[in-house]
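Some notes on the structure that comes next.
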Amino acid sequence: VLFIHMDEQMDGRTLVGSYVCTEKPGEFKWAPGSLTQAIVKGFWIVFEDIDKAPTDVQSILLPLLEGSSSFSIGHAEAVEVADGFRLFATVTTSKHDFSHALEGRLTYSGLWRKVMLGEPNREDMVNIVNGCYPSLDTISSKLIDTFEKVNSLVSYQFGGLNLAGGFSDGILHRFSLRDLLKWCKRIVGVDLNFEGLGLASSGYQFIYYEAADIFAASLSSPDKRQYVAREIARILGLFHQAETMHPTDKPIIQARHTDLQVGRVTLQCSDKPALIQKGPFADIRSALDVLERVACSIKFNEPVLLVGETGTGKTTLVQNLASWLKQSLTVVNLSQQSDISDLLGGFKPTDARSICFPLYMEFKDLFCQSFSKEV
């Protein structure tokens, strides 16, 4: 299955293909695009957010939507559509009327076979959690209760949360099933014992820390973060934890030969020698809390987005963590002028001097070795 994410900058040539230059000057060869390769080889292809693609890109799919057995690649050439080829696309919408949501967004919408996928209900979420993480069967209901309560609180916050006690109407759910499964994955990674007479209060405390990181730490204001964290603690039965989102003691950093402990998280160090020189690090409480969250995301291979003003230490935080772990780090500063070739690489034009200069230096060395310089 081939997945392609669509956007407004998508070029149709990347899907169909184009002629590219070869190593021989003046010679070009045809390089099929991702869609053409899927058609020829009989792959399934999924276009994510097809409604965001330009009109010309959507028009390329018209013969396939009409059931044509061949696909034109230009220059009066066509390829046969393999029997196993299948075409899928997705559209993200929060509206219940799917047809109305696609007005003006998706060309040839009448040719697609539309299937509406709703949000999973409580019973579905219980089955999903128990199916993915069977060890959480005894506490899955409490986890989903917490998840639904957090979603309810956050949706009201986006609609206008009154911490004095009143709520305004809101319909936006901030967190999805992915966040619930991320929470479950972290809980299983703590290696708690869920069998026997029940989970101890210390176990629920670890569960609370992970929930606070996932559901509360990313909220915009301290009041909202504290409010959501307090509700999570109340649902989990941690009434002594309800007044604070973090432990009383600040996280401790312990660097050992084989691993690094940052608060409740332990990461394995690389066997390679340190490539980054360790700089001074001020272990203030706010920096250590963020460092612990980043370390936990690294442990479970989660992408991290650090948000803050310029000069608050976002890059420095990651550089220090990489230094302690003896991990090589590449820092790329992006801007509006950044090009995709800066990340993926590509062909760039060169002048004759850059090509001939190495040849000239090699000739000079060989000439000096063959003949006397004094002549």
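In terms of full-length UniProt numbering, the sequence shown opens at residue 1 and continues consecutively.
Note that CB positions come from ideal geometry on N, CA and C, so glycine has one too.
Quick caveat: nothing in here was measured; it's all calculated off a predicted structure.
Leucine 219 sits in coil when the DSSP states are folded into three classes, being neither helix nor strand. A distance below 7 Å between beta-carbons, with the five flanking residues on each side excluded, links phenylalanine 281 to the following residues of its chain, in chain order: Asn320. Less than 8 Å divides the Cβ of glutamate 292 from the Cβ of arginine 264. A straight-line Cα-Cα distance of about 38 Å links arginine 113 and glycine 346. Taken through DSSP and simplified to helix, strand or coil, tyrosine 227 comes out as helix.
Between isoleucine 39 and valine 1, the gap from beta carbon to beta carbon reaches 8 Å or more. For leucine 238, the CB contacts under 8 Å within the same chain, skipping 5 residues up- and downstream, are Ser201, Tyr204, Gln205 and Tyr208 in chain order. Glycine 84: not part of any beta strand (DSSP E); DSSP gives it neither H nor E. Excluding residues up to 5 positions away in sequence, Thr146, Trp183 and Ile232 lie with their Cβ nearer than 7 Å to the Cβ of alanine 211 in the same chain.
According to the DSSP secondary-structure assignment, isoleucine 45 is paired through a beta bridge with Leu2 and Leu87. At the C-beta level, serine 135 and valine 188 come within 8 Å of one another. Glycine 42 is not a Cβ neighbour of valine 16, given a cutoff of 8 Å. Residue burial is scored here from C-beta neighbours: leucine 62 has fewer than 16 other C-beta atoms within 10 angstroms and is therefore classed as exposed.
Pairwise C-beta distances place the stretch 81 to 91 in contact with the stretch 42 to 57, as three or more of them are shorter than 8 Å. DSSP places cysteine 269 outside both helix and strand once states are collapsed to three, so it counts as coil.
The alpha-carbon of threonine 316 is positioned some 25 Å away from that of aspartate 339. Aspartate 11 and serine 59 have their C-alpha atoms some 12 Å from each other. CA-to-CA, the gap between phenylalanine 215 and cysteine 132 works out to about 20 Å.
In summary, leucine 111 is exposed, with fewer than 16 beta-carbon neighbours lying within 10 Å of its beta-carbon over all protein chains present. Here alanine 53 has Met6 and Met10 as same chain residues with Cβ atoms under 6 Å from its own Cβ, once five neighbours each way along the sequence are excluded. The Cβ atoms of isoleucine 144 and valine 126 sit closer than 8 Å to each other. If you ignore the 5 residues before and after valine 57, its C-beta comes within less than 8 Å of the C-beta of Met6, Met10, Asp11, Gly12 and Leu15, all in its own chain and listed in chain order. For lysine 185, the uninterrupted alpha helix (DSSP H) run begins and ends at 177 to 189, by DSSP. Between the beta-carbon of phenylalanine 300 and that of arginine 186 there is about 6 Å, and that keeps the pair under the 8 Å contact cut. Distances from the alpha-carbon of valine 318 to those of Gln254, Thr22, Leu334 and Ala295 put Ala295 closest. The beta carbon of arginine 122 sits closer than 8 Å to the beta carbons of Ile144 and Glu148 from its chain, once the five residues preceding and following it are set aside; these are given in chain order. Threonine 36 is a Cβ neighbour of valine 79, given a cutoff of 8 Å.
If you draw a straight line from the Cα of arginine 174 to the Cα of leucine 306, it comes to about 18 Å. Counting along the chain, the unbroken beta strand (DSSP E) around tyrosine 19 starts and ends at 17 to 21. Boundaries for proline 54: no alpha helix (DSSP H) harbours it, and the DSSP string shows neither H nor E there.
For aspartate 259, the enclosing beta strand (DSSP E) starts and ends at 259 to 262. Only residues of its own chain outside the window of five on either side were considered, and among them Ala31 have a CB closer than 6 Å to the CB of valine 20, listed in chain order. With a cutoff of 8 Å on beta-carbon distance, glutamine 261 and glutamine 268 are scored as not near each other. Under the three-state reduction of DSSP output, serine 335 falls in the coil class, being neither helix nor strand.
Each residue's CA atom was taken as its position, placing arginine 285 and valine 129 some 34 Å apart. When the alpha-carbon of leucine 64 is set against those of His75, Glu77, Phe85 and Thr55, the nearest one is in Phe85.
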